[in-house]
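Below is one structure, written out as structure tokens, with a few remarks after it.
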Amino acid sequence: MLRKTALVIITFVLVFWSCNLWAEPAYSLPLIAQTPPPNLITDYSQVSAANRLVDIQSVNRNIRLDIRYATPNNFVNRTLYPVSRCLLRRPFAQRLSDVQKDLETMGLGLMVYDCYRPWSVTWQMWQILPDSRYVGNPARGSRHNRGAAVDLTLVDLRTGQPLEMPTDYDDFTEKAWRDYTGNEPQVRRNSNLLELKMKQYGFEPLMTEWWHFDAQGWERYGLLNVSLDRVP
Ligand SMILES: C[C@@H](N)C(=O)N[C@H](C)C(=O)O
Ligand SMILES: [Zn+2]
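The structure is reproduced here in structure tokens:
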């Protein structure tokens, strides 16, 4: 009986050891977040010509850039992008340009904080803030990873200054929620105007971030993990 029990224990130990089931996980995150989603594209030459990313500056030079993730001035507190660029799939870049042209008739314009974001950057953000209200879950990928989301604000063309909005960019508090009721009337009007104009041109707002919009049709495009400086 004793020999039988010992044999069972030894077999159990050997199976666990050979399968490496006691190995420490590489990261202290749920396994799902460590695994890149299926169909993640890492080789940009696999993207067909029709689906390539375009630089917003080549579509509309009037759209201003303040790409915070290309600087250490962001919630991760380090530079995440090698270059300051706003890349989007062509139909979405065209729609954003239409928003800009419409706003210009009112003496306003757009300033973008972020556009296409490589999947690995979303993964790094998730290490700091694993909360899908504020960061796309890397297990599924963010719409930014598809070149189909944009973070942005309004600027006054006369002064060149951003309009006052409910919070600073990437302020992950309830003050940034679209249904927050504690804002000054003018601040509310500013964020409502941004939402109205973005919706008019096919961008969906996110309830928890006044600055974030997903392009309708985002599901037609795959997740990318290509560095911004690798996109011609
Ligand atoms: C991190 C923030 N700027 C943002 O874009 N959040 C949304 C939810 C995302 O990561 O897709
Ligand atoms: Zn966003």
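Per the numbering used here, the sequence shown runs over residues 7 to 238.
Ideal placement from N, C-alpha and C gives every residue a C-beta, glycine not left out.
DSSP state of residue i mapped onto helix, strand, coil
i: Trp183; result: coil
i: Leu229; result: coil
i: Met112; result: coil
i: Glu201; result: helix
i: Ile73; result: coil
i: Leu59; result: strand
i: Thr214; result: coil
i: Trp224; result: helix
i: Asp120; result: strand
i: Pro43; result: coil
i: Ala155; result: strand
i: Asp235; result: helix
i: Phe219; result: strand
i: Asp104; result: helix
i: Pro144; result: coil
i: Pro191; result: helix
Test item: CB-CB of residue i and residue j under 9 Å
i: Pro144; j: Arg184; result: no
i: Leu116; j: Val237; result: no
i: Leu109; j: Val156; result: no
i: Met112; j: Phe81; result: no
i: Leu230; j: Thr48; result: yes
i: Arg146; j: Pro43; result: yes
i: Glu193; j: Glu215; result: The question names Glu, but residue 193 is Val in the sequence shown. No, the Cβ-Cβ distance between Val193 and Glu215 is not below 9 Å.
i: Asp187; j: Thr179; result: Inspection of the sequence shows that residue 187 is occupied by Thr rather than by Asp. Contact flag unset, no.
i: Tyr5; j: Asp120; result: In the structure displayed, the chain extends from 7 to 238; residue 5 sits before or after that span and is not available.
i: Asp220; j: Arg149; result: yes
i: Val53; j: Gln206; result: no
Integer Cβ distance of residue i from residue j, believed to fall under 8 Å
i: Leu200; j: Leu163; result: So it is not a contact: roughly 15 Å between Cβ atoms.
Residue i CB to nearest heavy atom of ligand 3 below 8 Å
i: Arg123; result: Within the structure as shown, ligand 3 is missing, the only ligands being ligand 1 and ligand 2.
If contact is defined by three or more beta carbon pairs under 8 Å, each pair taking one atom from either stretch, is the segment 153-167 in contact with the segment 77-95?
yes
Quick check: the segment 120-138 against the segment 71-85, are at least 3 beta-carbon pairs closer than 8 Å?
yes
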